[in-house]
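Student: Residue numbers (my numbering): 44 to 166.
Virtual Cβ for every residue (Gly too), placed ideally from N, Cα, C.
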């Protein structure tokens, strides 16, 4: 289905069913460099607890993706650590590089998320 088992960019917005799609991706068969997954919708409010959001975030963490928080409105940006686009992002943005370096130094909360507080220079 995917040429050479490679996808540069994947956007997922299925109104709360994101975990069902993510759990059916065979990450051993397809390499997805960047994913944007909606995390706020009518079923999953931005500031509230949401089982759907927690489930797909854990799945993406388990697959090794790095989550850049609050870069895309109502969505999470996930970049695979082997993605060529991660290097491009880090080379072209000193603030994203600082966030990433802070994340790598601390591995916040045992997840692969780069939290918002890292953007404020707190490392």
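Is it the case that the Cβ atoms of residue 50 and residue 75 are separated by a distance below 8 Å?
Tutor: Taking the chain shown and counting its residues from 1, one reaches residue 50 at position 7. Taking the chain shown and counting its residues from 1, one reaches residue 75 at position 32. In this structure, residue 75 lies closer than 8 Å to residue 50 by Cβ.
Student: Mind the definition here: the region 91-99 touches the region 61-68 only if three or more C-beta pairs lie below 8 Å; say whether that holds.
Tutor: A contact exists between the region 91-99 and the region 61-68.
Student: Anyone know if the C-beta pair for residue 196 and residue 66 falls short of 8 Å?
Tutor: Here the chain covers residues 44 to 166 and nothing more, so residue 196 does not appear.
Student: Would you mind working out which of 135, 112, 144, 108 sits nearest residue 70, comparing C-alpha positions?
Tutor: Within the chain shown, numbered from 1, the residue matching residue 70 stands at position 27. When each option's Cα is compared against that of residue 70, the closest is 108.
Student: Of the residues 81, 77, 57, 68, which one's Cα is nearest the Cα of residue 119?
Tutor: Here residue 119 is taken as the residue at index 76 of the chain shown, counted from 1. When each option's Cα is compared against that of residue 119, the closest is 81.
Student: Take residue 54 and list the residues in its own chain whose beta-carbon comes closer than 7 Å to its own, dropping the five residues that flank it on each side.
Tutor: Residue numbering aside, residue 54 sits at position 11 when the chain shown is read from its first letter. Once the five neighbours on either side are set aside, the close Cβ partners of residue 54 are 79.
Student: By DSSP, does residue 99 sit in helix, in strand, or in coil?
Tutor: Here the question's residue 99 lines up with position 56 in the chain shown. Helix, per DSSP.
Student: How about residue 20 and residue 117: do their beta carbons lie closer than 8 Å?
Tutor: Examination of residue 20 is not possible in this model, given that the chain is present from 44 through 166 alone.
Student: From the DSSP output, in three-state form, read off residue 119 for me.
Tutor: Numbered from its first residue, the chain shown carries residue 119 at position 76. If DSSP states are grouped into helix, strand and coil, residue 119 belongs with the strands.
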